[in-house]
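Have a look at the structure below before the remarks.
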Amino acid sequence: MARSDDLAQIIIGCKNGDAQCFSQVVDMYATRCYGYFYRLTGNNDVSDELLSELFVKLVEKIRSYKGGSFESWLFKIATNIFHDHLRSKQRRKKLLEVRQEQLESDLTEPKQSDDNGQIDQLQIRLGKLDAETQELIMLRFYSQLSFKEIAKMRSEPIGTTLAKLHRGLKKLRELMEG
Amino acid sequence: MDGRDQENLIELFEEFFDAEQAQNCLENIQRAERILREHPAPEPDDMLIANIKAEMAMRLRPRRASVFRRMVYRAAAVAAAVIILTAISVKLFENGVEPAAFQRASLLPSAIWESDDIATDDVNLAIFTAEIEQIENEVLTLQSGEDSSHGDGTIVELEVELIEISSDFWKG
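First to last, the protein sequences are chains A and B.
As numbered in our numbering, residues 1 to 178 make up the first sequence, in order.
As numbered in our numbering, residues 1 to 172 make up the second sequence, in order.
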């Protein structure tokens with residue numbers, strides 16, 4: 001991972017419209033952001049779309065980044081994109097009631113991993129957690145933000161974030177080990 | 001610092017739980033995070049990354065063009081403002097044209113302004129001023145309709161007085 005000084009230089013380059021600097025940001029964060037989207041949607045195609053949308057938004061919004069944790073800022077955008085996706089999915093569900101079951105399963109059903117075709121056990125277990133807990137766990141794991149930063153991003157007391165995350169991770173551990 | 005590297009989880013948990021519970025929470029979180037690391041999510045493929053970079057570069061071009069266009073518009077606005085100001089300045093000061101306020105002096109006889117006899121000039125000015133005030137009062141009376149009995153005769157009288165004053169001016 002780039003040092004904070006290097007990252008600051010890259011971000012200045014991005015603000016000046018340097019394509020090379022944007023490319024570096026993609027290299028630095030694409031894997032983590034993709035993991036975040038994939039674990040929340042369980043779908044490669046949707047994750048591809050959301051990742052593309054995230055980096056296009058980055059180009060549009062980079063001038064509004066006023067310092068502070070870049071990860072926090074980036075994952076806030078990622079979270080908003082995911083929420084927009086959920087909302088549009090809800091709209092689609094209403095319009096296409098016949099396909100409701102199938103659309104719901106997109107979020108919860110496990111997908112086969114790309115390499116050897118084995119079922120991703122973690123994805124199955126994650127599907128048993130509620131949506132908010134899943135999101136919180138993935139945010140903590142992929143954004144690498146501290147509890148304090150996550151609480152600030154979610155505008156909630158740190159004790160609340162801590163309790164929710166601990167409960168969720170404990171449940172996930174039980175599901176995976178049980 | 002608020003960053004994750006500086007985060008002391010046990011201290012954080014001890015703010016909300018007793019020591020034993022805090023230790024328990026820490027173990028749960030560390031174990032769960034190890035599980036997440038052991039089950040990595042798939043990575044985005046190279047083609048997707050290349051497409052994203054190309055899309056970003058494409059979006060950057062119009063932005064750069066619009067920045068250039070904005071700069072050109074700004075420069076044009078500044079240039080227009082400078083040209084207008086220059087034109088106004090030249091119009092005001094070219095050929096030593098005096099501001100309109102000084103032109104009123106030409107109504108008074110030039111002899112008064114060129115004379116060195118201040119005492120006589122003061123008397124003349126006092127007379128002219130009194131006459132002007134009188135005429136103004138009469139005009140106001142006429143306008144308000146208070147002196148309607150005199151009618152056209154008053155207006156003729158006023159005109160005669162104005163002609164007299166005017167000729168007095170030019171005589172000095």
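Glycine residues also receive a C-beta, built at the ideal position from the N, C-alpha and C atoms.
By the rule that beta-carbons nearer than 9 Å mark a contact, L162 (chain A) touches chain B. With respect to chain B, the C-beta atom of D6 (chain A) has no partner C-beta closer than 9 Å.
Taking a Cβ-Cβ cut-off of 9 Å, the neighbours of R39 (chain A) in chain B comprise L36 and A41, given in sequence order. Under the DSSP assignment, E33 (chain B) falls in the alpha helix (DSSP H) whose first and last residues are A19 to E38. Taken atom to atom, the span from the alpha-carbon of C21 (chain A) to that of D5 (chain A) is near 14 Å.
Residues of chain B whose Cβ lies closer than 7 Å to the Cβ of H166 (chain A) are, in chain order, C25, N28 and I29.
Counting only residues of its own chain and dropping the five nearest sequence neighbours on each side, V139 (chain B) has a CB closer than 8 Å to the CB of L158. Taking a Cβ-Cβ cut-off of 8 Å, the neighbours of P44 (chain B) in chain A comprise A30, T31, Y34, S47, D48 and L51, given in sequence order. Of the other Cβ atoms in all chains shown, fewer than 16 fall within 10 Å of the Cβ of Y73 (chain B); this residue is therefore exposed.
M153 (chain A) and E177 (chain A) have their C-alpha atoms spaced approximately 31 Å apart. A buried status is given to M56 (chain B), since no fewer than 16 other beta-carbon atoms sit within 10 Å of its beta-carbon. Here K128 (chain A) is exposed, its C-beta having fewer than 16 other C-beta atoms within 10 Å. Rounded to whole angstroms, A75 (chain B) and V26 (chain A) show a C-alpha spacing of 36 Å. About 5 Å separates the Cβ atoms of L169 (chain A) and I29 (chain B), confirming a contact at the 8 Å cut-off. Relative to A131 (chain A), the option among A:F147, A:G42 and A:E60 whose CA is nearest is A:G42. Taking 7 Å as the upper bound on Cβ-Cβ separation, chain B lies near residues F141, Q144, L145 and S146 of the segment 133-146 of chain A. When DSSP states are grouped into helix, strand and coil, P62 (chain B) belongs to the helix group. The C-beta of I83 (chain B) comes no closer than 9 Å to any C-beta of chain A. Interface residue (Cβ-Cβ distance to chain A less than 9 Å): E20 (chain B) is not classified as such.
For the set A:I10, A:P157, A:K66 and A:Y36, the Cα lying nearest the Cα of L54 (chain A) is the one of A:Y36.
Contact with chain B is found for R173 (chain A), since one of that chain's Cβ atoms lies less than 9 Å from the residue's Cβ.
Cα atoms of G13 (chain A) and R59 (chain B): separation of roughly 15 Å, rounded to the nearest angstrom.
In this structure, the alpha-carbon of A19 (chain A) lies about 17 Å from that of L51 (chain A). For K53 (chain B), the chain A residues whose C-beta falls within less than 7 Å of its own C-beta are S23 and V26, listed in chain order. Bounds of the alpha helix (DSSP H) holding L7 (chain A) are S4 to K15. Under the DSSP assignment, R4 (chain B) falls outside any alpha helix (DSSP H); it carries neither an H nor an E label. Taking R39 (chain A) as the centre and dropping the five residues before and after it, the same chain places the C-beta of M138 closer than 6 Å to its C-beta, in chain order. At least one C-beta of chain B is nearer than 9 Å to the C-beta of M176 (chain A).
By the C-beta density criterion, P62 (chain B) is exposed, having fewer than 16 other C-beta atoms within 10 angstroms.
Among the residues facing chain A, R74 (chain B) is not included, as its CB has no counterpart in that chain under 9 Å away.
Between the segment 15-24 of chain B and the segment 139-151 of chain A there are fewer than three C-beta pairs closer than 8 Å, too few to call the two in contact. Membership of F70 (chain A) in the alpha helix (DSSP H) is indicated by the continuous run F70 to L95.
In this structure, the straight-line span from the alpha carbon of P40 (chain B) to that of T31 (chain A) is close to 10 Å.
With respect to the 9 Å criterion, T133 (chain A) and K171 (chain A) are classified as neighbours on the basis of their beta carbons. S47 (chain A) is a Cβ neighbour of Y34 (chain A), given a cutoff of 9 Å. Following the DSSP letters along the chain, one finds I158 (chain A) inside the alpha helix (DSSP H) bounded by residues I158 to E177.
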